[in-house]
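Here is the structure we will look at.
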Amino acid sequence: RKFVYDFSEGNKDLKDLLGGKGANLAEMTNLGLPVPPGFTITTEACKAYLDSGEAPAALRDQVSEHLAGLENRMGKKLGQADDPLLVSVRSGAKFSMPGMMDTVLNIGLSDESVQGLAAQSGDERFAWDSYRRLIQMFGDTVLGIDGERFAETLDETKSARGATTDVELTADDLKELVGKFKAIVSEETGRDFPQDPREQMDLAVRAVFDSWNGSRARLYRRQERIPHDLGTAVNICSMVFGNLGPDSGTGVAFTRDPASGQQGVYGDYLQNAQGEDVVAGIRNTVPLADLEQLDKASYDQLMQIMETLENHYRDLCDIEFTIERGKLWMLQTRVGKRTAAAAFRIATQLVDQGLIDEAEALQRVNGTQLAQLMFPRFDSNGGVKDAEQIGWGIAASPGAAVGKAVFDSYTAIKWSRSGEKVILIRRETNPDDLDGMLAAEGILTSRGGKTSHAAVVARGMGKTCVCGAEELEVDTKRRCLKTPGGKVVEEGDVVSIDGSTGKVYAGEVPVVPSPVVEYFEGRMHAGADDADELVKAVHRIMAYADRVRRLRVRANADNAEDAARARRFGAQGIGLCRTEHMFLGERRELVERLILADTEDERERALGALLPLQQGDFIELFESMDGLPVTVRLLDPPLHEFLPDITELSVRVALAESRKDANENDLRLLQAVHRLHEQNPMLGLRGVRLGLVIPGLFTMQIRAIAEAAAARKAGGGDPRAEIMIPLVGTVQELELVREEAEQVIAEVEREHNVELGLTLGTMIELPRAALTAGQIAECADFFSFGTNDLTQTVWAFSRDDVEASFFTAYLEKGIFGVSPFETIDKDGVGSLVRSAAEAGRATRPDLKLGVCGEHGGDPESVHFFHEVGLDYVSCSPFRIPVARLEAGRAAA
Ligand code: PEP
Ligand code: MG
Numbered sequence: 027r028k029f030v031y032d033f034s035e036g037n038k039d040l041k042d043l044l045g046g047k048g049a050n051l052a053e054m055t056n057l058g059l060p061v062p063p064g065f066t067i068t069t070e071a072c073k074a075y076l077d078s079g080e081a082p083a084a085l086r087d088q089v090s091e092h093l094a095g096l097e098n099r100m101g102k103k104l105g106q107a108d109d110p111l112l113v114s115v116r117s118g119a120k121f122s123m124p125g126m127m128d129t130v131l132n133i134g135l136s137d138e139s140v141q142g143l144a145a146q147s148g149d150e151r152f153a154w155d156s157y158r159r160l161i162q163m164f165g166d167t168v169l170g171i172d173g174e175r176f177a178e179t180l181d182e183t184k185s186a187r188g189a190t191t192d193v194e195l196t197a198d199d200l201k202e203l204v205g206k207f208k209a210i211v212s213e214e215t216g217r218d219f220p221q222d223p224r225e226q227m228d229l230a231v232r233a234v235f236d237s238w239n240g241s242r243a244r245l246y247r248r249q250e251r252i253p254h255d256l257g258t259a260v261n262i263c264s265m266v267f268g269n270l271g272p273d274s275g276t277g278v279a280f281t282r283d284p285a286s287g288q289q290g291v292y293g294d295y296l297q298n299a300q301g302e303d304v305v306a307g308i309r310n311t312v313p314l315a316d317l318e319q320l321d322k323a324s325y326d327q328l329m330q331i332m333e334t335l336e337n338h339y340r341d342l343c344d345i346e347f348t349i350e351r352g353k354l355w356m357l358q359t360r361v362g363k364r365t366a367a368a369a370f371r372i373a374t375q376l377v378d379q380g381l382i383d384e385a386e387a388l389q390r391v392n393g394t395q396l397a398q399l400m401f402p403r404f405d406s407n408g409g410v411k412d413a414e415q416i417g418w419g420i421a422a423s424p425g426a427a428v429g430k431a432v433f434d435s436y437t438a439i440k441w442s443r444s445g446e447k448v449i450l451i452r453r454e455t456n457p458d459d460l461d462g463m464l465a466a467e468g469i470l471t472s473r474g475g476k477t478s479h480a481a482v483v484a485r486g487m488g489k490t491c492v493c494g495a496e497e498l499e500v501d502t503k504r505r506c507l508k509t510p511g512g513k514v515v516e517e518g519d520v521v522s523i524d525g526s527t528g529k530v531y532a533g534e535v536p537v538v539p540s541p542v543v544e545y546f547e548g549r550m551h552a553g554a555d556d557a558d559e560l561v562k563a564v565h566r567i568m569a570y571a572d573r574v575r576r577l578r579v580r581a582n583a584d585n586a587e588d589a590a591r592a593r594r595f596g597a598q599g600i601g602l603c604r605t606e607h608m609f610l611g612e613r614r615e616l617v618e619r620l621i622l623a624d625t626e627d628e629r630e631r632a633l634g635a636l637l638p639l640q641q642g643d644f645i646e647l648f649e650s651m652d653g654l655p656v657t658v659r660l661l662d663p664p665l666h667e668f669l670p671d672i673t674e675l676s677v678r679v680a681l682a683e684s685r686k687d688a689n690e691n692d693l694r695l696l697q698a699v700h701r702l703h704e705q706n707p708m709l710g711l712r713g714v715r716l717g718l719v720i721p722g723l724f725t726m727q728i729r730a731i732a733e734a735a736a737a738r739k740a741g742g743g744d745p746r747a748e749i750m751i752p753l754v755g756t757v758q759e760l761e762l763v764r765e766e767a768e769q770v771i772a773e774v775e776r777e778h779n780v781e782l783g784l785t786l787g788t789m790i791e792l793p794r795a796a797l798t799a800g801q802i803a804e805c806a807d808f809f810s811f812g813t814n815d816l817t818q819t820v821w822a823f824s825r826d827d828v829e830a831s832f833f834t835a836y837l838e839k840g841i842f843g844v845s846p847f848e849t850i851d852k853d854g855v856g857s858l859v860r861s862a863a864e865a866g867r868a869t870r871p872d873l874k875l876g877v878c879g880e881h882g883g884d885p886e887s888v889h890f891f892h893e894v895g896l897d898y899v900s901c902s903p904f905r906i907p908v909a910r911l912e913a914g915r916a917a918a
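Per the UniProt record's numbering, residue 27 is the first one in the sequence shown, and the count goes up by one each step.
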């Protein structure tokens, strides 16, 4: 098998094999851009290594062959004593995993070849600086030595020399430092720093392979739902040097602003530095625009390359480059990460530029991003003006976050577990902070630019982040933050950070709704001259989605207010009105009377009292959804939910009895509570079972629906009610309810002399219903999949308990990447949905199919429901725009 590809042999579509970085290096090479020559070891080699614990035999030979080719081209050998070829070894998986995987630069330097490099470059300082970097990076990432040991030693040397940055260290200082670093290696590993260049390279490759299974990489993959079996590629690239003096340097660039999507020159540049210095935020960078003054020729060339890349990739690209003595080299490019707002703006800009079409624009955004944009932000008129601004940094990831200041990840996790909202404040973050960042509301750092670890990772997580707030001094030892004005924020003090403006405030700043929500609410118009650019972009993307989607989107709503909001957000009806929500509050007592009724007469009176109330509710609901379907589900939950808690009531009655003043009603209530008590109420007397066991209950509800529809019709309305029966397991249950329903409806129609056009269908939320869907369809006008209960019953997971009990363990063990209550379990629950849909339609080709479980608003699940051919999804009002967008993306 071919395990090694020269850069000139690959292309951007080979990401599975060459990883993202390798595929893009190949693509740039083939575009004729200045990429230093090199080759890529495939993900297959990595997988083979991880499976067997050993690199495949063919790999070594193939690497030797490609290395020889590279040496020929460069006219020097790896680590050659008088003029060494040096290479970088960098990981590159299919999906970029920021900060997770490791890079080693300057492979090939040894005690001997460092002299050669010094002689060849005419720069002794540079040679020794490169060597100390090799030992430092190699020690840390390949040999597993704590990076702090090197960093501290470097700091000591700097302060001993009175230097503030490493550039001020002389060749002699660096020589001494190399000695110290080598001593650290011997001390920590029991062996000397390897002097054989090929051994250095092989060890580095192996370390990259191993890092695929590092715990941080695994955590990141779980969160991002990246499969664990992809493996990483390894790129071996001839070194170019940004640390050869002031006419050299290294930088990162974006073809547009990854935070706002605005076009322009965005990036950071660091003179006389090597790659990792920029990303690590160790020295402060200058804006990329300043490069024009420093090196106009390279700047112009870079601008041109950026344009080439944007047109070629037809998307925002991010780029790493190095300038070696005035010569520009491209070290990496990829389609760049971006904030949610930027994603929407860039997608529409690219349509306007004619680079992509509408269908493609839909693929450039997603529902998760839209959901992010619907978060509230700080009040720019009121609250923020009065708030005390204590600092200002780079707006790295948008949103408004308020919480207590914490200065280490451990505290962030601990406090957030106990329910506190926290802001994680660090000088800069590193991969060890991942858990803390996840636990925090937002992240604030005092160092690093838009491409720093904190910024990149927070954007990926959708967390608010302000980075590089330089004038703020973060003191992690004393756990406080100091402003130049002398104000001190201690651990536990509340701070507010604005990831959209970069501003940092002391205390709690009030938050306001997002403009995107204002737009969906109809309070902001995309057509207005001064409309927010983001709102305009969202408006256009939603229009594309609505134009192409096949799935209709309905709302789960049970009151007129939710229904009205849902309609503003684009709902095309109500897919689930849970009538039990209409029996809460003061009305609970009426249900209690129904349950306690001993005689037919008492029961009739209790039902009689409920009827007009229900009817009124339905009239309001049908009015707010006039002309659109409204699925009303008959009572579902176990009756005991309407009764007092068994323990409380027992105590009350016992106390009263001991005082000899027990009240008759309480005694009856207690009896009823005992009678209705169930070990497994979710598997008990609920749903259709209630309707069949309590005479008159469903009749009352059906009558209320029919009467409400008749009243709306009489008033000139267009009610489109659908009656839905929950928890059906067999067609017989449905037949009984249908008989009853047809009678009542016919009665009401006769009384009012109207045709109501009511339909009657069922939820499919039990495995037996799904398995016998073909029979059930004979008696149902529609199916609505209740994927909450279906997930509960297929997995035998109690939906009310699992999240708090063992789900974290399951997620940590990777048994599933996301809770099956959140995203549909396609293989299990999903396959029942698919087969039930097919069986139902086989019986009744015009059977209407929908879903009303929580999955109806989950992006990935929406795609699945599209694929299995459902007619609509129904979700909570706030998720309707997300469902519309995803339904469009699924169809585009
Ligand atoms: C369901 O089970 O998916 C459903 C929508 O019903 P509920 O959540 O009310 O049980
Ligand atoms: Mg249910």
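No residue lacks a Cβ here, since even glycine has one placed at the ideal position from N, Cα and C.
Annotation: Cys491 is outside any alpha helix (DSSP H); the continuous beta strand (DSSP E) that includes it extends over 490-493. The shortest CA-to-CA distance from Ile720 to any of Glu773, Glu454, Ile790, Val763 is the one to Val763. With respect to the 8 Å criterion, Val579 and Met400 are not classified as neighbours on the basis of their beta carbons. Any heavy atom of the ligand PEP within less than 6 Å of a residue's beta carbon puts that residue on the list, which reads Leu602, Arg604, Asp662, Glu791, Gly812, Thr813, Asn814, Asp815, Cys878, Gly879.
Assignment of beta strand (DSSP E) within the segment 30-60, counting only whole runs of 3 or more residues, yields 30-32 in chain order.
Look at Asp687 here: in three-state DSSP terms it is coil, with no helix or strand label.
In this structure, Leu314 sits near Tyr295, with a CB-CB distance shorter than 8 Å.
In the DSSP assignment, Ile439 falls within the unbroken alpha helix (DSSP H) covering 435-443.
Taken in chain order, the whole alpha helix (DSSP H) runs of length 4 or more contained in the segment 72-156 are 83-100, 139-147. In summary, Leu396 is buried, with 16 or more beta-carbon neighbours lying within 10 Å of its beta-carbon over all protein chains present. DSSP, read as helix, strand or coil, puts Pro253 in coil. The nearest non-hydrogen atom of the ligand MG is less than 7 Å from the C-beta of Met789. Boundaries for Gln705: no alpha helix (DSSP H) harbours it, and the DSSP string shows neither H nor E there.
Taking Glu35 as the centre and dropping the five residues before and after it, the same chain places no C-beta closer than 6 Å to its C-beta. In this structure, Pro752 has its CB closer than 7 Å to one or more heavy atoms of the ligand MG. Taking a C-beta distance under 8 Å as the contact criterion, Pro402 and Thr365 do not qualify as a contact pair. DSSP places Gly854 within a helical segment (H, G or I) once states are collapsed to three. As the crow flies, the alpha-carbon of Gly275 is around 32 Å from that of Ala373. For Trp355, the three-state secondary structure derived from DSSP is strand. Residue pairing by DSSP puts Asn582 in a beta bridge opposite Leu602. C-alpha of Ala144 to C-alpha of Ala153: approximately 5 Å in a straight line. Across the set Tyr246, Met332, Leu111, Ser241, the C-alpha of Tyr246 shows the shortest separation from the C-alpha of Gly843. For Asn779, DSSP records no beta bridge to any residue. In its chain, beyond the 5 residues on either side, Leu816, Thr819, Val820, Leu858 have a beta carbon closer than 8 Å to the beta carbon of Pro793. Beta-bridge analysis with DSSP links Asn261 to Thr66, Arg116.
Counted as a single uninterrupted DSSP element, the stretch harbouring Gln300 is not any alpha helix (DSSP H), since DSSP gives it neither H nor E. Here DSSP, grouped into helix, strand and coil, assigns Glu748 to strand. In this structure, the beta-carbon distance from Gly287 to Thr348 does not fall below 8 Å. Under DSSP, the beta-bridge partners assigned to Trp418 are Lys529. Residue burial annotation: Val677 is exposed, with fewer than 16 other C-beta atoms found within 10 angstroms of its C-beta. Burial is judged here by how many other beta carbons sit within 10 angstroms of a residue's own beta carbon; Phe832 has fewer than 16 and is exposed.
Secondary structure note for Met463: its alpha helix (DSSP H) is the uninterrupted segment 460-465. Proximity to Pro272 across Leu320, Gln705, Gly205 peaks at Leu320, based on C-alpha coordinates. Of the other Cβ atoms in all chains shown, 16 or more fall within 10 Å of the Cβ of Lys529; this residue is therefore buried. DSSP places Val537 within a strand segment (E or B) once states are collapsed to three. The straight-line gap separating the alpha-carbon atoms of Phe891 and Ile790 is approximately 14 Å.
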